[in-house]
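Undergrad: Residue numbers (this note's numbering), protein chains in the order written: chain A, 678 to 1096; chain B, 678 to 1096.
There are 2 protein chains.
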Amino acid sequence: MSGKNILYAQSGGVTPVINATACGVIETARAETEVGNVLAAKDGILGVLDEQLIDTSAMTTQQVAGLRHTPGGIFGSCRYKLKSIEDSRAEYERLIEVFKAHNIGHFFYNGGGDSADTAYKVSQIGEQLGFPVQCIGIPKTIDNDLPITDVCPGFPSVAKYVAVSIMEASLDVMSMASSSTKVFILEVMGRHAGWIAAAGGLAARNAGEAPQIILFPEVAFDLQAFLQRVDNVVKQSGYCSIVVSEGVRDAGGKFLSDSGVRDAFGHAQLGGVAPVVANLIKAELGHKCHWAVSDYLQRSARHIASRVDVEQAYAVGKAAVEFTAAGKTGVMPIIERLSDDPYQWQIAEAELGKLANIEKTVPASFISEDGFHITDACRGYLSPLIQGEDYPPYGSDGLPQYVTVKHKMAPPKLDSWCE
Amino acid sequence: MSGKNILYAQSGGVTPVINATACGVIETARAETEVGNVLAAKDGILGVLDEQLIDTSAMTTQQVAGLRHTPGGIFGSCRYKLKSIEDSRAEYERLIEVFKAHNIGHFFYNGGGDSADTAYKVSQIGEQLGFPVQCIGIPKTIDNDLPITDVCPGFPSVAKYVAVSIMEASLDVMSMASSSTKVFILEVMGRHAGWIAAAGGLAARNAGEAPQIILFPEVAFDLQAFLQRVDNVVKQSGYCSIVVSEGVRDAGGKFLSDSGVRDAFGHAQLGGVAPVVANLIKAELGHKCHWAVSDYLQRSARHIASRVDVEQAYAVGKAAVEFTAAGKTGVMPIIERLSDDPYQWQIAEAELGKLANIEKTVPASFISEDGFHITDACRGYLSPLIQGEDYPPYGSDGLPQYVTVKHKMAPPKLDSWCE
């Protein structure tokens, strides 16, 4: 091992496979002579500011390997967005100070669009302050809303969870419908992009199969058209299964369920649109409804991860090390699709400046004309992503053997920092 | 094949493995010379009254085998409880009329306590009307609330789903807690019995691990004690993970979330206690919470079924045929535990009259003194039940290959019936 150290940080909401990316980073760095040790920020960028750095060299080979099948964020993540360099110059200078103190030459920020933006700004400030750092963004977001890349690691596993779950729950409500529950509603994540909701559509392998209705944030909610559709489906099939995105809004742009709370990024904190939809159906059509809100379950369900996703998540971590060892900076390893069937892909690269702050929503060509389902084109895009299973090992107690690590912290070298 | 036909009916809420029981019934009956064909009631007992009977002899060997890994109720179920013989004599007489018309000598009712009660009454009325039918109850209920049997088929798979899910979601909230969500709440089923909530406790393999709090219907909800506990856990661990039963009630017996709706059995229709708990924590302690309601997902999640459960569900179906072939009636095949470690069990039998209308709740010895967790005794009981995985086969599209069947109906022989 030679060269400067890598600093790896996880950002934003975690995924079933973000640790597989960490695994790819650490395993590749350990075998790579051009880079030094991997330090990991405790709780994302906040851990860099606080100089809370985890020394991953203390992790055993088995612990690192176990990250590949462990959900959550093993080093902790955070919801904290650095503002512009002008507004937050002290924070950016602190980052560089910490980098200097720990001989960091490579900064890997593993997150979504906000994180790509931060990594891009850090690469700029390093140059300005005369301490150039190679900054690599590593893609991760269950929302699948990054541009350029074919897919964002994390999304395919959530997609698989949602497709499997709605397929199973639909068999349940179908069994019960003659004398009891006629409508089942599953609420899924996706604030502005309906990719996760769209994935529910994969369970309907043939026309008319459940779920019969998908509500996208990209389509303004039309109450009368929706009720009419539910009524028709129940009359035709005896039951109706619905996937609703948390981000569904009416024609005026108001979230169907706006709790008024906002997260640290300033986004509205949603949750609970499923009961709203259930109450509408109950009140207007009189059907008994059941509803589920999968919330964190969907983005931590490593037990039903997509094998494609695990492989891609590992690959982008590996590529980050290879990119930086090759002298690259200001870029992100992305997934490039070579063919749909069989699904073939390779790692490519994109400039961070072109990725930041652009949300890729579900295109109109992927949503059926009536706005309630996915098209064949969408199916062609999504289907390969959920292929293959990658089960975690289970213990004799019937539970997954997820890795837990008592982290060794790198001794701090600077005074503590308060902005 | 000789002898009279079997009539098999599914009752009440379905489970991930009730079709494995159907598989056990049909496969065993096909090999058994003492019984005739298996007819299956469409939508439970309602299908018997309506003479909607499915001829399972039309199902291929592969379709029947596929039931072992298919969730939902393949023949349909219902929520409909026959009243006393005095109050509903016409219904009971209709059942016997349908039995006569289709040469039914064996009636298998696959359900919980209500269904055991119905099977018991049918065995009595058959005697009274001079058309004796061998009535076998087959246990099925995710609530695990039947007496005598060690466990109810269906429960172990839900237990495994809940334990795995809360383990995964807890890794998620732990990752996010430093700057965002500090509390995660998972709502699970269990109207009067907290077995499913208790199963969440299995994820806490060591003291202090998540979930740190379990709210049982057996323990009156004490708001101040609860808030104090949440506060302590967050201060100590940085985050708090909670499993709450839908049936949690305050000291006055009022459900924490009572929507006022009642199901066909007259039970309060619950759902949505998780957001109530989240709002309490947010308002009193100020912590950001996330919550999930697993609803039907938990009881249809065949993808993470317990192998023990699948084997037991199949075994009780097989035993029902063997019991009836041996001339038994008015009984239920149950699970008898022979040892905890290794878990060993065998099929035993119980009289239906002793099973009906008794709800086995979680005993005090299984709940920790403070009322917020499970004891070692509870762990010793529950842990063997979730052992082993039994994954369904997946197609090349990444989705489970669950069986669907276009049923062949037995031609009706009677006039249609309206009570």
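Note that the Cβ used here is the ideal one computed from N, Cα and C, for glycine as well.
Does the beta-carbon of A/E1046 have 16 or more other beta-carbons within 10 angstroms, so that it is buried, or is it exposed?
TA: Reading the first sequence from its first residue, position 369 is the one you call residue 1046 of chain A. Burial call: exposed.
Undergrad: Output, in sequence order along the chain, the residues in the region 744–775 of chain A whose CB is closer than 9 Å to any CB in chain B.
TA: Listed by position, the residues of the region 744–775 of chain A near chain B (Cβ gap below 9 Å) are T747, P748, G749, G750, I751, F752, G753, S754, C755, R756 and Y757.
Undergrad: Any chance you could list the beta strand (DSSP E) runs of at least 3 consecutive residues sitting entirely within the region 747–796 of chain B, in chain order?
TA: The region 747–796 of chain B contains these whole beta strand (DSSP E) runs: 781–788.
Undergrad: Bridge partners of B/E1026, per DSSP?
TA: Your numbering for residue 1026 of chain B matches position 349 in the second sequence. Beta-bridge pairing links B/E1026 to B/P1010.
Undergrad: Three Cβ pairs or more, each shorter than 8 Å: is that satisfied between the region 1022–1033 of chain A and the region 1046–1060 of chain A?
TA: Taking 8 Å as the limit for Cβ pairs, the verdict is that the region 1046–1060 of chain A does not touch the region 1022–1033 of chain A.
Undergrad: Compute the beta-carbon to beta-carbon distance between A/A997 and A/I813, rounded to the nearest angstrom, for a pair I have assumed lies under 8 Å.
TA: Taking the first sequence and counting its residues from 1, the one referred to as residue 997 of chain A is at position 320. Taking the first sequence and counting its residues from 1, the one referred to as residue 813 of chain A is at position 136. With 8 Å as the limit, A/A997 and A/I813 qualify as a contact, their Cβ atoms being about 5 Å apart.
Undergrad: What residues from the region 836–869 of chain B come within 7 Å of chain A, judged by C-beta to C-beta, listed N to C?
TA: The region 836–869 of chain B vs chain A, Cβ under 7 Å: K837, A840, V841, S842, M844, E845, A846, L848, D849, V850, M851, S852, M853, S855, S856, S857 and F861.
Undergrad: In the DSSP output, what is A/R926 paired with across the bridge?
TA: Position 249 of the first sequence, counted from the first residue, corresponds to residue 926 of chain A. A/F932.
Undergrad: If we cut at 8 Å on Cβ distances, does A/H967 have a partner in chain B?
TA: As a position in the first sequence, residue 967 of chain A is number 290, starting the count at 1. Yes, its Cβ sits closer than 8 Å to a Cβ of chain B.
Undergrad: Beta-carbon within less than 7 Å of B/F942's beta-carbon, same chain only, minus the 5 sequence neighbours each way: which residues are those?
TA: For the purposes of this step, residue 942 of chain B is taken as residue 265 along the second sequence, with counting starting at 1. Residue placement at B/F942 is flagged as unreliable, the pLDDT there being 49, under the threshold of 50; a coordinate-derived value is accordingly withheld.
Undergrad: For A/L1091, does the count of other Cβ atoms within 10 angstroms reach 16, so buried, or fall short, so exposed?
TA: Along the first sequence, one-based indexing puts residue 1091 of chain A at 414. Exposed.
Undergrad: Taking 8 Å as the threshold (C-beta atoms), are A/A897 and A/I873 in contact?
TA: For this step, residue 873 of chain A is matched to residue 196 along the first sequence. For this step, residue 897 of chain A is matched to residue 220 along the first sequence. No, they are not a contact pair.
Undergrad: When the Cα atoms are used, what is the spatial distance from A/T698 to B/V691?
TA: By one-based count along the first sequence, residue 698 of chain A stands at place 21. By one-based count along the second sequence, residue 691 of chain B stands at place 14. Their backbone Cα atoms lie some 39 Å apart in a straight line.
Undergrad: Please give me, in chain order, every unbroken run of the alpha helix (DSSP H) with length at least 4 that falls completely inside the region 960–1011 of chain B.
TA: Listed in chain order, the complete alpha helix (DSSP H) runs (minimum 4 residues) inside the region 960–1011 of chain B are 972–977 and 984–1002.
Undergrad: Who does B/M1086 pair with in a DSSP beta bridge?
TA: The residue given as residue 1086 of chain B occupies position 409 in the second sequence. Answer is B/I731.
Undergrad: Taking 8 Å as the cut-off, decide whether the C-beta atoms of B/Y973 and A/H967 are in contact.
TA: Against the second sequence, residue 973 of chain B aligns to sequence position 296. Against the first sequence, residue 967 of chain A aligns to sequence position 290. Closer than 8 Å, so yes.
Undergrad: Cα separation between B/N682 and B/G1065?
TA: As a first step, residue 682 of chain B is located in the second sequence; it is residue number 5 there, counting from the start. As a first step, residue 1065 of chain B is located in the second sequence; it is residue number 388 there, counting from the start. Cα-Cα distance, rounded: 35 Å.
Undergrad: Terminal residues of the continuous alpha helix (DSSP H) containing A/M1058?
TA: Locating residue 1058 of chain A in the first sequence gives position 381, where the first residue counts as 1. It is worth fixing the name first, because residue 1058 of chain A is Tyr in this sequence and not Met. Its alpha helix (DSSP H) spans residues D1053 to L1059.
Undergrad: Listed from N- to C-terminal order along the chain, which residues in the region 1068–1080 of chain B have their beta-carbon within a distance smaller than 8 Å of any beta-carbon of chain A?
TA: Residues Y1068, Y1071, S1073, D1074, G1075, L1076, P1077 and Y1079.
Undergrad: With contact counted as at least three CB pairs below 8 Å, one residue from each stretch, are the region 988–1008 of chain A and the region 879–887 of chain A in contact?
TA: No, because fewer than three Cβ pairs between the region 988–1008 of chain A and the region 879–887 of chain A fall closer than 8 Å, the two stretches do not touch.
Undergrad: Under the rule that 16 or more other beta-carbon atoms within 10 Å means buried, what is B/A1095, buried or exposed?
TA: Counting from 1 along the second sequence, the entry for residue 1095 of chain B is found at position 418. Per the sequence presented here, residue 1095 of chain B reads as Cys, with Ala not at that position. Looking at its Cβ environment, which holds fewer than 16 other Cβ atoms inside 10 Å, B/C1095 is exposed.
Undergrad: Name the DSSP bridge partner or partners of B/N682?
TA: Along the second sequence, read from residue 1 onward, the residue named residue 682 of chain B stands at position 5. Paired residue(s): B/I781.
Undergrad: Would you identify the three-state DSSP class for B/A884, choosing helix, strand or coil?
TA: Position 207 of the second sequence, counting from 1, holds the residue named residue 884 of chain B. DSSP places B/A884 in coil when its eight states are reduced to three.
Undergrad: Between A/H980 and chain B, is the shortest Cβ-Cβ distance under 8 Å, so that the two count as touching?
TA: Translated into positions along the first sequence, residue 980 of chain A becomes position 303. With 8 Å as the cut-off, A/H980 counts as an interface residue toward chain B.
Undergrad: Identify, in the order they occur along the chain, each residue of the same chain with its Cβ nearer than 8 Å to the Cβ of A/A1087, setting aside the five sequence neighbours on each side.
TA: Along the first sequence, one-based indexing puts residue 1087 of chain A at 410. The residues are L716, L730, I731, D732 and H779.
Undergrad: Which residues, in order along the region 877–899 of chain A, keep a beta-carbon less than 8 Å from a beta-carbon of chain B?
TA: Listed by position, the residues of the region 877–899 of chain A near chain B (Cβ gap below 8 Å) are L879, A880 and R882.
Undergrad: Give me the Cα-Cα distance between B/I815 and A/Y1071, rounded to the nearest whole angstrom.
TA: Position 138 of the second sequence, counting from 1, holds the residue named residue 815 of chain B. Position 394 of the first sequence, counting from 1, holds the residue named residue 1071 of chain A. Looking at the two C-alpha atoms, the distance is approximately 30 Å.
Undergrad: Work out the CA separation of B/A767 and B/L900 for me, nearest whole Å.
TA: Numbered from its first residue, the second sequence carries residue 900 of chain B at position 223. Numbered from its first residue, the second sequence carries residue 767 of chain B at position 90. One C-alpha to the other measures close to 49 Å.
Undergrad: Where do the N-terminal and C-terminal ends of the beta strand (DSSP E) with A/A1099 fall, by residue?
TA: Residue coverage of chain A in this structure runs from 678 to 1096, which leaves residue 1099 of chain A outside it and unanswerable.
Undergrad: Is the beta carbon of B/H746 less than 8 Å from the beta carbon of B/P1069?
TA: Against the second sequence, residue 746 of chain B aligns to sequence position 69. Against the second sequence, residue 1069 of chain B aligns to sequence position 392. Yes, Cβ-Cβ distance for B/H746 and B/P1069 is below 8 Å.
Undergrad: Check B/Y838 in the structure and name its three-state DSSP category.
TA: Taking the second sequence and counting its residues from 1, the one referred to as residue 838 of chain B is at position 161. Reduced to three states, the DSSP call for B/Y838 is helix.
Undergrad: Rounding to the nearest angstrom, what Cα-Cα distance links A/V895 and B/G789 in this structure?
TA: Sequence index remark: in the first sequence, residue 895 of chain A carries index 218 (1-based). Sequence index remark: in the second sequence, residue 789 of chain B carries index 112 (1-based). Here residue 895 of chain A is Glu; the residue named in the question, Val, does not match the sequence. Near 44 Å, if we compare the C-alpha coordinates of B/G789 and A/E895.
Undergrad: Round the Cβ separation of B/V950 and B/S971 to the nearest angstrom and send it over; I've been treating them as touching at under 8 Å.
TA: For the purposes of this step, residue 950 of chain B is taken as the residue at position 273 of the second sequence. For the purposes of this step, residue 971 of chain B is taken as the residue at position 294 of the second sequence. Rounded, the Cβ-Cβ distance is 12 Å, inconsistent with contact.
Undergrad: Using the beta-carbon of each residue, which ones in chain A are nearer than 7 Å to B/I1063?
TA: Position 386 of the second sequence, counting from 1, holds the residue named residue 1063 of chain B. Those are G1075, listed as they occur along chain A.
Undergrad: Does any C-beta atom of chain B lie closer than 8 Å to the C-beta of A/Y973?
TA: Your numbering for residue 973 of chain A matches position 296 in the first sequence. With 8 Å as the cut-off, A/Y973 counts as an interface residue toward chain B.
Undergrad: Quick check: the Cα distance between B/V910 and A/L892, rounded to an integer number of angstroms?
TA: Here residue 910 of chain B refers to the residue found at position 233 when the second sequence is read from its first residue. Here residue 892 of chain A refers to the residue found at position 215 when the first sequence is read from its first residue. Cα-Cα distance, rounded: 38 Å.
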